[in-house]
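Its first residue numbered 1, the sequence shown is counted upward by one per residue in the working numbering. Each residue gets a CB set at the ideal place from its N, CA and C atoms; glycine is no exception. Reviewing the structure listed below.
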Amino acid sequence: MTVRILPTPEADRAWLHSLMVPYFAELVPHLPAPGPDYNDDVWTDAGRHALTLLNGAIPMGFALVRDEPSGRRELAEFYITPDHRRQGLGVQAVDLTLRHFPGSWILGVAAGSASAAPFWDHCLPSLPSVRQLRKGPPLTPYQSHSFTFRVSP
1 MTVRILPTPE ADRAWLHSLM VPYFAELVPH LPAPGPDYND DVWTDAGRHA LTLLNGAIPM
61 GFALVRDEPS GRRELAEFYI TPDHRRQGLG VQAVDLTLRH FPGSWILGVA AGSASAAPFW
121 DHCLPSLPSV RQLRKGPPLT PYQSHSFTFR VSP
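Below, the structure written as structure tokens:
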């Protein structure tokens, strides 16, 4: 199948929230699930971007990107549904997402998910468009580490 990314329309707000619940349960199981208005700023703030990740025509996850005042972007949230994992689709979706927004990036790696660190530690170095990759300290108490890097167009 062909992996694609599309902007998530506001009409898909309920769909995005329906994926946020299992996403947060996986990453921070000790915290309550986010409310339905958790990502409202995605549709009102020009510096926030919600992307639907597709396997062909089938939605398989989402990416939330935030523009920082410094000009750097943060891959704030990234989720692939369990039935689409371990097929290389997530790596393809990361590549498409990053190349859609070339420039400087930061990404925090969730400590609560056993699969997050192995995925990101493998994925980012494998992408030809990722340059100047640096591993750093966690950005929040819920992260194991972070990465900074540049993405060429």
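With respect to the 9 Å criterion, residue 106 and residue 74 are classified as neighbours on the basis of their beta carbons. Excluding five sequence positions before and after residue 102, the CB atoms of its chain that fall closer than 7 Å to its own CB belong to 151, 152, 153, given in chain order. Secondary structure of residue 23 (DSSP, three-state): helix.
Nearest Cα to residue 119 within the set 17, 92, 70, 48: 92. Contact between the segment 107 to 116 and the segment 54 to 72 is absent, with fewer than three C-beta pairs closer than 8 Å. Around the beta carbon of residue 2, fewer than 16 other beta carbons sit within 10 angstroms, so the residue counts as exposed. Using a 10 angstroms sphere on the CB of residue 21, the tally of other CB atoms stays under 16, which defines it as exposed. Sequence-distant partners of residue 104 (beyond 5 residues in either direction) whose C-beta falls short of 6 Å from its own C-beta, in its chain, are 72, 150. Taken atom to atom, the span from the alpha-carbon of residue 33 to that of residue 25 is near 7 Å. In the DSSP assignment, residue 101 falls outside any beta strand (DSSP E) and carries neither an H nor an E. Secondary structure remark: continuous beta strand (DSSP E) runs of at least 3 residues inside the segment 63 to 135, in chain order: 73 to 80, 103 to 110. For residue 30, no beta strand (DSSP E) run applies, since DSSP gives it neither H nor E. The straight-line gap separating the alpha-carbon atoms of residue 63 and residue 97 is approximately 8 Å.
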